[in-house]
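If you use the numbering used here, the sequence shown corresponds to residues 386 to 789, in order. In this text, a Cβ means the ideal position worked out from N, Cα and C, and glycines have one as well. Remarks on the structure that follows.
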Amino acid sequence: ILEEYYRTGLADRIYDISGWRLITSMQVMHLSWLLRNEPEIIKKASCLMACKDYIRYKLTGEPYMDLTDASVTGLMDISKGEWSSELVSELGIPAEILPEIKKSWEYAGEVTEEAARRTGLRPGTPVAAGAGDICSTALGAGVVKPGQLCAIIGTAGIYELAIDRPLKDPERKYSVAFHAIPNSWLLEAVQMTAGAALRWFRDEFCEAEKIEAKRRGVSAYALMDEEAGESSIGANGVIFHPFLQGERSPFVKPSARGVFYGLGLWTKRADLIRAVLEGVAYAAKDNIDLFRERGIGIREVRITGGGAASEIWCSIMSDVLNLKIAVPAVKECGALGSAIEASIVAEINEDPADAAERMVKVKKVFTPNPQNVEKYRRLFQLYKKLYELLWNYYDESWKIYSNL
386 ILEEYYRTGL ADRIYDISGW RLITSMQVMH LSWLLRNEPE IIKKASCLMA
436 CKDYIRYKLT GEPYMDLTDA SVTGLMDISK GEWSSELVSE LGIPAEILPE
486 IKKSWEYAGE VTEEAARRTG LRPGTPVAAG AGDICSTALG AGVVKPGQLC
536 AIIGTAGIYE LAIDRPLKDP ERKYSVAFHA IPNSWLLEAV QMTAGAALRW
586 FRDEFCEAEK IEAKRRGVSA YALMDEEAGE SSIGANGVIF HPFLQGERSP
636 FVKPSARGVF YGLGLWTKRA DLIRAVLEGV AYAAKDNIDL FRERGIGIRE
686 VRITGGGAAS EIWCSIMSDV LNLKIAVPAV KECGALGSAI EASIVAEINE
736 DPADAAERMV KVKKVFTPNP QNVEKYRRLF QLYKKLYELL WNYYDESWKI
786 YSNL
C-alpha cells in the first residue's frame, strides 16, 4: 500500500496537506490496510486514538486526541489544526471515528469514580489532553523557542526543531508536527539507528567490558566511553555508517546497511567504538542539515535519551554539529513535559512554554572546539561520499543476499 501511495502521488498529497512523510507506522497506513483487509474492524470502531488517548479515556470517559498526536496521523491539515476532509474522503476513512482534537495543555475531563477506585487517584482530578511522546520530550527538554532543537539519542535518532510556523519541505524530506505549546510547530527528521548501534556493538564485541563493568558496579557503556577516549578524532581512519536497519532520513533506503570503512592491522577496538559514536553524529548532522538548508537558524541543541549520559558522545556531537549542546538535568524529559502540561489544567501554571523555562534545568553544556569542527567538517564529507558511492550496491546486495 505504501509503495502504491508513493507511485500514484497520494503520498505527496498527504505530505502537502498534513506535513508528514508517509511511513508504514502511521495511523493513516494502519487504517488503509484495515479498510482493504479487515473492513469489519473499521465498521465496529467508534474512535481513533493514540495510546495515551486511550489511557486518558479510561480515566475520564472522554474520547479525544491531542494536537501533537493528531498531526502525525497523516490525516490532519497542518495549516488549520483540524482533520482534513479531503484526505479522509479520498482514503475512504469514516469521519465519525475521528475524535475531537484538544490542545495538549487543555482540560480534557476529570478522573471518574470508577477510574479512581481502580487507580487510587482522587475523583475529580483534572486531566490534561497531554502530548505525544516525542513532543512531550521536546517540551520537557526546554525546547520552546524557535531555533532550539531537541536531539533524542535513543534507539533511533530523532531531531525536532522548534519553529513558529508549519514550514513544509519542498523536497518532502522532513516532517512537520504541532508542538505541545501554543503557536509552535516542530520540524522532525529521524534516523533509524542511533543508540541501537552502540548497543549492538556492546552486545557483539564487548563481552570483556560487560564483565568488568559488573565487577566494578558501573555501566559497560562507561567503560566503552573510556576506550573511545583513547582513540583520536577520525577514529584512526575508520568511518562507520549506522544504517543497521536501513535508513529513512535524510534519505529513504531500506536496503542501506552498516559499514566500517578504513580497517587496518593497526585498528583497535577503541577506534571502532569511537567510529560508532562519530558515525551516529555524522548521521545526526546529515538530518539537521535538512533544516539548515532551508535557511532555518539553530541556536542550541538539547540532547536527551541514553546518548545524553555519554560526555564524550555529547562532545563529539557538539563538534560535528558546530552547535552548543545542553544536557537537561532530568533524564526522563517526556515525563517532565507531561507534568508541565498537567500543571496548566491544575492551575499551577498558565502557559506551558513559560512553565518549561522555569521547570527545566540544564546540568551541563558542551561547546564546539573550532579546531575539531574543521576536522569533522572534512570527515563528514568523506562519510557522505562513501554512502553515495555505495548507493547502487545497497539494492544489488539486497537482491543477491535475499535469494541465496
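Where residue i falls, given that 16 or more other Cβ within 10 Å makes a residue buried
| i | result |
| --- | --- |
| Arg659 | buried |
| Phe586 | buried |
| Ser700 | buried |
| Glu735 | exposed |
| Thr453 | buried |
| Asp704 | buried |
| Thr409 | exposed |
| Gln576 | buried |
| Gly682 | exposed |
| Trp405 | buried |
| Asp549 | exposed |
| Gly580 | buried |
| Arg762 | exposed |
| Ser470 | exposed |
| Ala593 | exposed |
| Pro551 | buried |
| Trp698 | buried |
| Ala668 | buried |
| Leu774 | exposed |
| Leu608 | buried |
| Asn621 | buried |
| Pro639 | exposed |
| Thr578 | buried |
| Cys520 | buried |
Beta bridge counterpart(s) of residue i as assigned by DSSP
| i | result |
| --- | --- |
| Thr689 | Ile537 |
| Gln576 | Gly542 |
| Ile486 | Met450 |
| Trp570 | Ile548, Phe563 |
| Pro511 | Glu495 |
| Tyr646 | Ile624 |
| Leu629 | Gly631 |
Helix, strand or coil at residue i according to DSSP, with G and I counted as helix
| i | result |
| --- | --- |
| Tyr559 | coil |
| Ala516 | coil |
| Lys599 | helix |
| Ile624 | strand |
| Glu346 | The displayed coordinates of the chain run from 386 to 789. Any statement about residue 346 would go beyond what the structure contains. |
| Glu781 | helix |
| Arg684 | coil |
| Ala526 | coil |
| Ile618 | coil |
| Arg406 | coil |
| Leu793 | Since the first residue of the chain shown is 386 and the last is 789, residue 793 is not available in this structure. |
| Ala694 | helix |
| Ser640 | coil |
| Asp554 | coil |
First through last residue of the beta strand (DSSP E) which encompasses residue i
| i | result |
| --- | --- |
| Phe676 | Premise fails: Phe676 lies in the alpha helix (DSSP H), 654-677, not in any beta strand (DSSP E). |
| Phe636 | Run containing Phe636: none; DSSP gives neither H nor E here. |
| Val747 | 747-751 |
| Ala337 | For the chain, the structure presents residues 386 to 789; residue 337 sits outside this window and is missing. |
Limits of the unbroken alpha helix (DSSP H) element including residue i
| i | result |
| --- | --- |
| Ala607 | 605-615 |
| Val758 | 755-774 |
| Ala498 | Per the sequence shown, residue 498 should be read as Glu rather than Ala. Where Glu498 is concerned, the enclosing alpha helix (DSSP H) stretches over 498-504. |
| Arg392 | 387-393 |
Contact with chain D by residue i, beta-carbon distance below 7 Å
| i | result |
| --- | --- |
| Leu708 | You won't find chain D in this structure, because it holds only one protein chain. |
request  = Could you pull out every unbroken alpha helix (DSSP H) segment of at least 4 residues lying fully inside the stretch 697-743, listed in chain order?
outcome  = If we require 4 residues or more, the alpha helix (DSSP H) runs fully inside the stretch 697-743 come out as 718-730.
Complete runs of the alpha helix (DSSP H) confined to the stretch 408-476 [at least 4 residues] = Complete alpha helix (DSSP H) runs here, min 4: 412-422, 424-429, 436-445, 452-455, 470-476.
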